[in-house]
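Okay, structure first, notes after.
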Ligand SMILES: [Zn+2]
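In our numbering, the protein residues as written are 288 to 438.
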């Protein structure tokens, strides 16, 4: 899923759960649960998609939306806001493991998937453009949850 949806989910977990250690662990695990749901992805081959301008634009937009979420938490400071930011980061963090691949593809160097990245690819069984419907629905639901918790 998009980093934004991972972050929104993590933030919801942080805002709702009182126990920090538990919230951080669940936020991290939520990444894999969300990635197992059908979600947005490209039809084209991975290497071409990663090098595409569209992918990079999406990556930047996604990162900016995560920053907007953190900014909202910092400005409004609802109960557990710091935990929400931490959990947002933890929920999105497993995708940082893909950074190595992103760099190697751009340097035209071979990339050997680690056991973890093989697992991450395996659970993402459905990544297609139509998955945007799931992404938007999930984001809307998470925003509703967050706005109800912080009001
Ligand atoms: Zn992921």
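For each residue, glycine too, the CB sits at the ideal point set by N, CA and C.
Kindly examine ligand 1 and report whether one of its heavy atoms sits closer than 8 Å to the Cβ of residue i.
i	result
residue 333	no
residue 442	No statement about residue 442 is possible, as the shown extent of the chain runs from 288 to 438 and does not include it.
residue 349	no
residue 314	no
residue 407	yes
residue 288	yes
residue 439	Beyond the ends of the chain as shown, which are 288 and 438, falls residue 439; an answer cannot be given.
residue 393	no
Would you grab the beta carbon distance between residue i and residue j for me? Rounded to a whole angstrom, and I think it's under 8 Å.
i	j	result
residue 317	residue 433	No, residue 317 and residue 433 are not in contact; Cβ-Cβ is about 14 Å, not under 8 Å.
residue 360	residue 374	Contact doesn't hold; Cβ gap of about 10 Å is too wide.
residue 294	residue 356	5 Å
residue 437	residue 302	7 Å
Inspect the beta-carbon positions of residue i and residue j and report whether they are closer than 9 Å.
i	j	result
residue 378	residue 296	yes
residue 407	residue 365	no
residue 327	residue 418	yes
residue 287	residue 367	Residue 287 lies beyond the stretch modelled for the chain, which goes from 288 to 438, so this question has no answer here.
Beta-carbon within less than 6 Å of residue i's beta-carbon, same chain only, minus the 5 sequence neighbours each way: which residues are those?
i	result
residue 329	336
residue 313	300
residue 412	none
Report all residues from its chain with a CB closer than 7 Å to the CB of residue i; omit the five preceding and five following residues, and keep chain order.
i	result
residue 323	410
How many Å lie between residue i and residue j at the Cα?
i	j	result
residue 291	residue 345	11 Å
residue 369	residue 403	28 Å
residue 393	residue 435	42 Å
residue 396	residue 383	19 Å
residue 352	residue 399	30 Å
Chain C beta carbons: is any one of them nearer than 9 Å to that of residue i?
i	result
residue 381	Among the chains of the structure shown, chain C does not appear; only one protein chain is present.
So, at 8 Å on beta carbons, what are the nonlocal neighbours of residue i in its own chain, with the 5 sequence-adjacent residues on each side left out?
i	result
residue 416	327, 328, 329, 330
residue 350	290
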